[in-house]
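The sequence shown maps to residues 808 to 1011 in our numbering. Glycine is no exception: its CB is placed at the ideal position from the N, C-alpha and C atoms. Because the structure is a prediction, the values reported are computed rather than measured.
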Amino acid sequence: MAFVVAIDGPAAAGKGTVARAVAGHFGLSYLDTGLLYRAVGLAVNRGKDAIAVAQKLDLSQLNDRELRTQAAAEAASKVACEPDVREALIATQREFAQRRNGAVLDGRDIGTVICPNANVKLYVFASPEVRAARRYNELTMQGSECDYQTVLKKVQDRDALDEERATAPLAAAVDAKMLDTTSLKIDEAVARAISIIEQARRDQ
Ligand code: DC
């Protein structure tokens, strides 16, 4: 069976950065599952039917820069609350997890729902204030006008939507290793994740 790493956590905790680095380090395929929900959310904003789009989603269509916008993130949080949309995206994610060279998937429900038998589960988190500060810096570097309090409020609202939805809410799997990135630099967080995964590989 392929080696699978499941990485979950709230927005802007650093899980995408950690997941990409881990995939590169161990030569695993990487899927940012948030992009699936973003693609469905954007399609809904354009008048398409959520379930129909989710059922036919093609992973090669996830390079659209629009998917990285705040509008896409907000649309994604809404469609992610629909059980039928989540259901329609399960098969695509599980299929990806079976890639022969192994896979890293990051999202909100990877360790709990999509890949409950993953070889390693990581839950990457940080305080809302630190996550908002990271997002704020990212946005200002891109030249966006924003203020920190508004960004913090958006982070908190998105946490609430992710944690409180009835189907597959954001939660750490009971067997997940916790990685708190609040006071870690990117390379420190990546190094910790690599060391957790190496340990898990030795224990297999
Ligand atoms: O990680 P992200 O910001 O790209 O996620 C966008 C939204 O999609 C987020 O509000 C939660 C949702 N999501 C989800 O419910 N389950 C996943 N596996 C990935 C993302």
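- Residue nearest to ARG906 within the set GLN1006, GLY841, SER836, VAL829 is SER836 (criterion: CA-CA distance).
- Contact between LEU912 and THR840 holds: CB atoms are separated by about 6 Å, below the 8 Å threshold.
- DSSP, read as helix, strand or coil, puts LEU929 in strand.
- Its chain contains ALA980 as the residues whose beta carbon lies nearer than 8 Å to that of PRO923, once the 5 sequence neighbours on both sides are disregarded; these appear in chain order.
- Annotation for SER1002: the continuous alpha helix (DSSP H) segment containing it runs 993–1010.
- Listed in chain order, the non-local C-beta contacts of PHE903 below 8 Å within the same chain comprise SER836, LEU838, LEU866, ALA910, LEU912, local neighbours out to five positions each way being set aside.
- Beyond the five residues adjoining it in sequence on each side, PHE810 comes within less than 6 Å, by CB distance, of GLY909, ASN926 in the same chain, given in chain order.
- With a threshold of 7 Å, the Cβ atom of LEU838 does not count as near ligand 1, since no heavy atom of the ligand is closer than that.
- In this structure ALA861 touches LEU896 by the C-beta definition: roughly 5 Å separates them, less than 8 Å.
- In the structure shown, ALA859 falls within a helical segment according to DSSP collapsed to helix, strand and coil.
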